[in-house]
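Enquirer: Numbering (mature numbering (1 follows the signal peptide of the UniProt record, and there is no 0)), first residue to last: -25 to -1, 1 to 404.
The beta carbon of each residue, even a glycine, is placed where N, CA and C say it ideally should be.
Sharing a structure, written as structure tokens. Questions coming.
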């Protein structure tokens, strides 16, 4: 990958309503504020945004816009205030009809950077928009968040926020409306399949993200299963999962269930690092830029364990979750159990701008090791099992049909391996 890109985001359609403000998956951050122009400071910012998009945007046709003409029109406009400047940038980017290429004013950019470090304040929803004028869609509520407490589910539609239709809002505007002081409430109008619309009041709060849950499960007649649930790919996820995995190895785990259900993604690099904990060699993910050139991230021979592995996924598993699941599935390292994933396959990068603002730009798409483009398609599990529970606290319990299917699959696989080893030993004897 281009080493200039300092913080890459695998998004495909993702925002975190703090609610997270838009949550993406990152590589590095590029400082776009160093160039000097013979323009006012406001014009310089607009022109820098134009140039970044011109250089990096995934669609070299710019949604059939004459991008040079857009530049010329902007230069003829007066931008007396920063508010005027921000609006002009947003209007310019709206021509791309890409809700994930967007300008982030200083407060929103700061919120996004805070979120990726594992600190949240708001309602705790991961949200997406399929089209500019479509309503918000819930990818997943954050574990332990106010949104989860009131029962919001993956694939719910947020039709209105405090009475304002979300189809009229950008992702960032919607996220901003869901942010607020701790203890204050926001009213959401929810659409859910086969149910009438309903309103729910969510009380904003501080959200502590503990990305990893780990436990050794021992049942008579079953292998010792290391259960690992990963809630989000934030800045702490890779280190915490590595520590938990090593601890389960020391405890004598024979096999593993990696639970990525309702994990909406996060940092791309975290997903790659976690894949490398399970895969010794092979490709983790391919990236494809607007010229069609392939980049790739590979395993580096540092897998922690080769024990049997099953990965749990559902429609709330998105972006970095899909990168990890696709890498493990395509490399034959794990079988997937559950439901088809969300389908987020675009890559964004963040660029620093003056005044503490930022710019998120869709720069590429990703493909799984077998070159599957999963954007808006998702990844199909090897064993489809319909989810029987809605509350995350029930994940990995006897009430969880998907988890039970994963354990049965591991037990069956290990029994076959034992039988094969016995036959081999008899033949050699």
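Helix, strand or coil for residue 234, going by three-state DSSP, please let me know.
Expert: strand
Enquirer: For residue 174, which residues from the same chain have a beta carbon less than 8 Å from its beta carbon, with the 5 sequence-adjacent residues on both sides left out?
Expert: 162, 163, 164 and 165
Enquirer: Do the segment 244 to 263 and the segment 298 to 312 make contact, defined as three or more Cβ pairs closer than 8 Å?
Expert: Counting C-beta pairs closer than 8 Å gives three or more between the segment 244 to 263 and the segment 298 to 312, which meets the contact rule.
Enquirer: Restricting to Cα atoms, I'd like to know which of 125, 236 and 284 is closest to residue 207.
Expert: Of the listed residues, the one whose Cα sits closest to residue 207 is 236.
Enquirer: How far does the alpha helix (DSSP H) with residue 121 in it reach, from first residue to last?
Expert: 121 to 124
Enquirer: First and last residue of the alpha helix (DSSP H) that includes residue 245?
Expert: 243 to 251
Enquirer: Would you check if there are 3 or more beta carbon pairs closer than 8 Å linking the segment 112 to 119 to the segment 341 to 360?
Expert: They do not touch, by the three-pair rule.
Enquirer: What three-state label does DSSP hand residue 341 in the structure shown?
Expert: DSSP, reduced to helix, strand and coil, places residue 341 within a strand of the structure shown.
Enquirer: What separation, rounded to the nearest whole angstrom, lies between the Cα atoms of residue 64 and residue 71?
Expert: 12 Å
Enquirer: Need the endpoints of the beta strand (DSSP E) that residue 61 sits in, please.
Expert: Here residue 61 belongs to no beta strand (DSSP E); instead the alpha helix (DSSP H) covers 57 to 69.
Enquirer: Quick check: residue 213 and residue 254, are their CB atoms within less than 8 Å of each other?
Expert: no
Enquirer: Nearest to residue 337 by alpha carbon, out of 41, 52, 62 and 68?
Expert: 68
Enquirer: Can you tell me whether residue 27 is helix, strand or coil according to DSSP?
Expert: helix
Enquirer: Look up residue -3 in the DSSP assignment and say whether it is helix, strand or coil.
Expert: Caution is warranted here: a pLDDT of 38 is assigned to residue -3, below 50, making its placement in the model unreliable, and no coordinate value can be reported.
Enquirer: DSSP state of residue 108, grouped into three classes?
Expert: coil
Enquirer: To which residues does DSSP link residue 180 through a beta bridge?
Expert: 97
Enquirer: Can you list, in chain order, the residues of its chain with a C-beta nearer than 8 Å to that of residue 172? Leave out the 5 residues immediately preceding and following it.
Expert: Sequence-distant Cβ neighbours of residue 172 in its own chain, meaning closer than 8 Å and more than five residues away, are 134, 164, 165 and 166.
Enquirer: Quick check: is any heavy atom of the ligand NAD less than 7 Å from the C-beta of residue 263?
Expert: The ligand NAD is not part of this structure, which contains no ligands at all.
Enquirer: Would you report the Cα separation of residue 291 and residue 330, rounded to the nearest angstrom?
Expert: 35 Å
Enquirer: Measuring alpha carbon to alpha carbon, tell me which residue in 210, 369 and 256 is nearest residue 344.
Expert: 256
Enquirer: According to DSSP, is residue 322 part of a helix, a strand, or is it coil?
Expert: Here residue 322 carries a strand assignment [DSSP, helix/strand/coil].
Enquirer: Let me know the secondary structure DSSP gives residue 372 once reduced to three states.
Expert: coil
Enquirer: Grab me the residues of residue 54's own chain with a C-beta within less than 8 Å of its C-beta, minus the 5 sequence neighbours each way, in chain order.
Expert: 15, 17, 18, 21, 60 and 63
Enquirer: Quick check on residue 21: does DSSP put it in helix, strand or coil?
Expert: helix
Enquirer: I want to know whether the segment 192 to 211 touches the segment 239 to 247 - three or more CB-CB distances under 8 Å.
Expert: The segment 239 to 247 and the segment 192 to 211 touch, with three or more beta-carbon pairs separated by less than 8 Å.
Enquirer: Could you say which of 222, 342, 128 and 390 lies nearest to residue 367 if we only look at CA atoms?
Expert: 128
Enquirer: Going by alpha carbons, who is nearest to residue 211 out of 372, 184, 177 and 34?
Expert: Cα-wise, what sits closest to residue 211 is 184.
Enquirer: Could I get the ranges of all uninterrupted beta strand (DSSP E) runs contained in the segment 272 to 325, with 3 residues as the minimum, in chain order?
Expert: Entirely contained in the segment 272 to 325, the beta strand (DSSP E) runs reaching 3 residues are, in chain order, 284 to 288 and 310 to 313.
Enquirer: Please state whether the Cβ-Cβ distance between residue 251 and residue 221 is less than 8 Å.
Expert: no
Enquirer: Taking just the CA atoms, how far does residue 376 sit from residue -2?
Expert: Because residue -2 carries a pLDDT of 44, less than 50, the predicted location of this residue cannot be relied on, and the following value inherits that uncertainty. If I take the Cα positions, the gap works out to 30 Å.
Enquirer: At which residues does the beta strand (DSSP E) containing residue 192 begin and terminate?
Expert: Segment 187 to 192, the beta strand (DSSP E) holding residue 192.
Enquirer: Output the boundary residues of the beta strand (DSSP E) element that contains residue 134.
Expert: Note, residue 134: beta strand (DSSP E), 132 to 136.
Enquirer: So which of 364, 265 and 342 has the shortest CA-CA distance to residue 313?
Expert: 364
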